[in-house]
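Only one structure is covered here, and it is reproduced in the block below.
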Amino acid sequence: MNVPLDSLLDWADVAPAALLIRRAHLLDPRTGLDRPGDLLVRDGAVAEIGAPGALRAPPHAEIVEAEGLHAFPAFVDPHVHLRTPGREDEEDIETGTRSAAAGGYGAILAMPNTDPVVDSASVLGSLRERARKEARIPTGFTAAVTIGQRGEQLTEMAELAQAGAAGFTDDGLPLRSARVMRQALAYQRLAGRCIALHEEDPALSGDGAMHEGDLSALLGVAGIPSVSESTMVARDTELAAYEDGFIHVQHVSARQTVEVLERARAAGVRVTAEATPHHLLLTHECVRGLDTRYKMNPPLRSEDDRQALIDGVRSGVLGCIATDHAPHASEEKEEPFETAPMGVTGLESAFAALYTDLVVPGVLGLGLVIERMTAGGEPFGLSIPTLAKDAPASVCLVDLAAEWEVGESGYESRSSNCAFAGRRLAGRVRMTIAAGAVAFRERSFAIGAVA
Amino acid sequence: MKRHLLSVDDLSREDIERILGRAESFAEVSGREIKKVPTLRGRTVINLFYEASTRTSSSFELAAKRLSADLVPIKAQGSAVDKGESLKDTVQTLSAYDPAAVVFRSPHAGAAGLVASWTPASVINAGDGKHEHPTQALLDLYTLRRRAGRLEGLNVWIVGDVLHSRVARSNILAFGRMGCRVTVCGPPTLIPRGVESLGCEVRITLDDLAEADVVYALRMQHERMTGSFVPSLREYAAQYQIDGRRLGAGQLLMHPGPVNRGVELSAEVIDSPQALITDQVESGVVVRMAVLYELLAGGSGPLRGAEDPSRPASEPQPA
C-alpha cells in the first residue's frame, strides 16, 4: 500500500500565503534552529530563512513584524473529536479545525467514534470530502477497528486504508476481546496503518467515574483503578510483540502504564504513546468539588501518576502530547458528576497550559515541549513539521509573554467544557500557518503593512 | 454556619454542638401534647426526593410541619422528571415558588451541591448517592450522646458495607469531628481503597470488636451479592454479623435501618436494651427540626417571632 501518507490529510484549498515573518525567535528543536531570524513563506513552503531583518519581502507579500514572538513548527494533534457526523451541535469540521488552528496546530487526526461510526469507506469518504471544503488545517480521519466499535468484528481495514484512513482506533472504548485485538494486529500486516488504543479493562473500571484512591473513598464515587489501564497495555504490548504489529497507546494516565511501556519498548515492541495536557497538569484533587468539567476518561489521577507522566514525556516513552479534545454540550455537563459525560476540550489552551505550568517553572524545556507537541503524526507515519527551507509551511507564532484568561473571550470551538477555563496562562498563539496558508490570526494581532 | 448543609464537612464542632443542643430543646416540645412551634410559619420547604425513602422523607416532613412551614413533597416518580425534565430545569422551576429550603435526595454523588448552585434556597442534602447523608450522622450523634452522656473519646466501630454506604462516610467524618475514635470493619471487597484518609482505622475481622464502645452496623444490601463482593450472605453473616456472642454487655449498638434481620444483625441484639435503633428513628424528627431551624431561622441567634423556639404554637398568632 504505497499511498504517500501525507496525502491522507484533507483541508480546504485556499490561496497560499506570501508572508514574511520578521525578527521572530525561530525554534525548531529537531534541527537545532534556535535563534532570531526572518522566515519567508511562499507557494505553500518555507521559501527562505535568514538573519533578523535580512530577508526582503517579495511584491504583495504580507509582512509580520514578529520581534518578541516565537515561531515554532505548528503542532500536530493525533487525538481530536470533531463530533462529525452526528453531533454537529458540539463541534463540526470547521469549528474544530478553527479551534485547533487557534491553539497553534497545523494538523490533526479525528477520532471515529461518531454517529454513525467511521467504520466504512463511504462514511470516511464523505468526511474527507467535507474536510476538503471546511477544514482550516490538514485533517486526517481515523477509522474504527471494529464495526460499530462493538469490539466484535473487524472493519474492512484494507479498503478503509485505501480510502485514506489515517489509522485505526475504537477510541472511547477498549478492545475488550484479546482475540479481536490479536486479529486486528495480524490483519495490520495487510492493511498497514497504526492501531491506536484506548486502554481500559471494563471489568476493572466498571461504573467508575474518577480515579480510585483516597478521594474517591471520601466522595463515594466509584473509582477507576490505574490497573484497569496498565493491565490492558501489558496485554496489548504482548500481543503486538507476538504479531509483530505496531500500536499507539492513547491518553496514558497512570504510573503503572508508563512502567509497562518502558519495559515493552526496552524489549523492542513497536509501541508509541501519548499524554494529554490535562493528565500532565491536573490531578484528581480537581474532582474534590465534583465539578463535571474535570470528568474525563481516563480520569485525572494522583500527583505520583502525574509526575510519572512528566518523566515519561521527558524520556520519550510518551513521545507526543495529544489533547483528546472532547467537546460536549453544556446541558450534558450540567448533570451530577456520575451521570455527566466524560471529556474536556483542550486545543486552544494546550500550549499555554503546558508552557505556564511546565516550561516556566523549569520542569521541562521549551524545546522538548515543542518536540512532543509536533510529534503527534509520527506514530501514524505522517511527516513532522519543520522550519526548514523548502519544507511545507506549517508554522505558529506565539507570544510567550502574553497572559490571557482561558475562555475570557469565548472559544473557537463550539463547546466550552475546557479543563483550564478561567485559568490565567502565559503564551498566546498569535498566528498559525498550515499547509502554506494562514489558518488562524488573532483578531487583535496587529499586522504590518502590505509591501 | 453555611447556608446549605451538603456535607458533614460543612459543619464545625461548634455547629454540631449547637444543632444537638437545639434538638434537645425541640425534644421537649415533642413531649408536649401540641408539638408545633411557629418558627417557620409562612415559609416553604420542598422535599425533593429522586430516590425511595421512608424514614428520611417522613421525618423531614414532620420536622417542617412541626416548625409550621408549608411543605411540598415531590417524588421523581409521577413528576416532570418522568417527562424527561433535567434536574436543573426542575430545580429552577421549583425555585420560582420561593422556597426557604429544598431537602434533596439523589442517587448521585454531589447532586445536592449542584442543586445548591441553581437555587437561592438553602439546600439540605438528604443523601446523595454513596457520598453523604449528613442529617443521618447528626441524628446518630444526638442519639449516642443522649445515651452515653458524651461523645469525646468513644471508640466507634462501623461494621459492614462501607464501600456503598453514604451513612458510613458521613459518620466517619462526624464521629471523628466530635472526638470519637473511628474504626471501619468489613470484607476487604467492601472497604474502599484509601478510606484511611478520612481519619479512621481499618480492620477486616471482628477479632478486636471488644475494644469498641459503640458498634454501628451498616445495612448489607442483597444486590451486592450480584457483584460478588461477598461469596454469600451466609458467609457474610458468619464473618460479620453482630450477634449475642459478639456484642459485649457494655457495648451500644446502632444501625441506620432498615435492618436485614439475620444478616448484619441477629434478632437478639436488635431487641436488646443495648440497641439504639428505635431511638435513632425517633431522633430523626427533632434533629431535622434543629437543622431547618439553624439554616432558616438564623442559627446561633433567635429570629423575629422565634424568640423561644420551644414556644408552643397553640398561642394566638398574628395573622
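Just so you know, the sequences run in chain order A and B.
At position 277 of the first sequence the residue is numbered 277 (the numbering used here), and the sequence of numbers has no breaks.
At position 200 of the second sequence the residue is numbered 1200 (the numbering used here), and the sequence of numbers has no breaks.
Ideal placement from N, C-alpha and C gives every residue a C-beta, glycine not left out.
Residue environment, residue i, which counts as buried when at least 16 other CB atoms sit within 10 Å
| i | result |
| --- | --- |
| residue 1015 of chain B | buried |
| residue 1153 of chain B | exposed |
| residue 1034 of chain B | exposed |
| residue 1126 of chain B | buried |
| residue 336 of chain A | buried |
| residue 1133 of chain B | buried |
| residue 53 of chain A | exposed |
| residue 422 of chain A | exposed |
| residue 389 of chain A | exposed |
| residue 410 of chain A | exposed |
| residue 15 of chain A | exposed |
| residue 1250 of chain B | exposed |
| residue 1222 of chain B | exposed |
Separation of residue j from residue i, as counted between CA atoms
| i | j | result |
| --- | --- | --- |
| residue 1236 of chain B | residue 1230 of chain B | 7 Å |
| residue 51 of chain A | residue 35 of chain A | 9 Å |
| residue 89 of chain A | residue 83 of chain A | 8 Å |
| residue 238 of chain A | residue 433 of chain A | 41 Å |
| residue 416 of chain A | residue 44 of chain A | 33 Å |
| residue 314 of chain A | residue 368 of chain A | 7 Å |
| residue 1184 of chain B | residue 1216 of chain B | 9 Å |
| residue 299 of chain A | residue 1114 of chain B | 21 Å |
| residue 967 of chain B | residue 1258 of chain B | No statement about residue 967 of chain B is possible, as the shown extent of chain B runs from 1001 to 1319 and does not include it. |
| residue 376 of chain A | residue 200 of chain A | 21 Å |
| residue 176 of chain A | residue 1234 of chain B | 34 Å |
| residue 1201 of chain B | residue 1151 of chain B | 18 Å |
| residue 224 of chain A | residue 1109 of chain B | 16 Å |
| residue 1275 of chain B | residue 1253 of chain B | 5 Å |
| residue 23 of chain A | residue 55 of chain A | 10 Å |
| residue 1172 of chain B | residue 338 of chain A | 23 Å |
| residue 371 of chain A | residue 140 of chain A | 20 Å |
| residue 242 of chain A | residue 72 of chain A | 39 Å |
| residue 431 of chain A | residue 1053 of chain B | 58 Å |
Coarse secondary structure for residue i, derived from DSSP in three states
| i | result |
| --- | --- |
| residue 454 of chain A | Here chain A comprises residues numbered 1 to 451, so residue 454 of chain A is not present and cannot be evaluated. |
| residue 430 of chain A | strand |
| residue 1253 of chain B | strand |
| residue 8 of chain A | helix |
| residue 31 of chain A | coil |
| residue 140 of chain A | strand |
| residue 40 of chain A | strand |
| residue 244 of chain A | coil |
| residue 277 of chain A | helix |
| residue 1260 of chain B | coil |
| residue 313 of chain A | helix |
| residue 1200 of chain B | coil |
| residue 1313 of chain B | Only weak support is given to the placement of residue 1313 of chain B: the predicted model assigns it a pLDDT of 44, under 50, and the value that follows is read from those uncertain coordinates. DSSP places residue 1313 of chain B in coil when its eight states are reduced to three. |
| residue 1164 of chain B | coil |
| residue 1306 of chain B | Because residue 1306 of chain B carries a pLDDT of 40, less than 50, the predicted location of this residue cannot be relied on, and no value is offered for it. |
| residue 150 of chain A | coil |
| residue 1154 of chain B | coil |
| residue 237 of chain A | helix |
| residue 1191 of chain B | coil |
Neighbour list for residue i in chain B, Cβ cutoff strictly below 8 Å
| i | result |
| --- | --- |
| residue 339 of chain A | 1108 |
| residue 331 of chain A | 1086, 1088 |
| residue 50 of chain A | Per Cβ cutoff of 8 Å: no residues; residue 50 of chain A is ~56 Å from chain B at best. |
| residue 344 of chain A | Near residue 344 of chain A there are no residues of chain B at all, since even the closest Cβ is about 17 Å away, more than 8 Å. |
| residue 223 of chain A | 1192, 1193 |
Within chain A, the residues that residue i reaches when beta carbons sit closer than 7 Å
| i | result |
| --- | --- |
| residue 1114 of chain B | 336 |
| residue 1177 of chain B | Going along chain A, no residue has its Cβ under 7 Å from residue 1177 of chain B, so there is no contact; the nearest lies around 14 Å. |
| residue 1105 of chain B | The premise fails here: residue 1105 of chain B is roughly 12 Å from chain A at the closest Cβ pair, so nothing lies under 7 Å. |
| residue 1166 of chain B | 220 |
Neighbour list for residue i in chain A, Cβ cutoff strictly below 9 Å
| i | result |
| --- | --- |
| residue 1198 of chain B | 214, 217, 218 |
| residue 1169 of chain B | 217, 218, 219, 220 |
Residues that residue i contacts on chain B, provided the C-beta gap is smaller than 7 Å
| i | result |
| --- | --- |
| residue 290 of chain A | 1109, 1110, 1113 |
Contact list for residue i against chain B, beta-carbon separation under 9 Å
| i | result |
| --- | --- |
| residue 427 of chain A | Near residue 427 of chain A there are no residues of chain B at all, since even the closest Cβ is about 31 Å away, more than 9 Å. |
Interface partners of residue i on chain A, CB under 8 Å
| i | result |
| --- | --- |
| residue 1004 of chain B | Chain A residues near residue 1004 of chain B: none, gap ~13 Å exceeds 8 Å. |
| residue 1129 of chain B | 220, 221, 336, 338 |
Cβ-heavy atom distance, residue i to the ligand GDP, below 6 Å
| i | result |
| --- | --- |
| residue 1167 of chain B | What this structure holds is no ligand at all, so the ligand GDP is not there to describe. |
>> Please give the ranges of any beta strand (DSSP E) in the region 1009-1084 of chain B, keeping only runs that are unbroken, at least 3 residues long and fully inside the region.
In response: 1044-1049, 1070-1075
> What alpha helix (DSSP H) runs, 4 residues minimum, are completely inside the region 331-418 of chain A?
Replying inline: 350-354, 366-373
> Which parts of the region 1111-1144 of chain B are runs of the alpha helix (DSSP H), unbroken and 4 residues or longer, counting only runs that do not cross its ends?
Replying inline: 1111-1118
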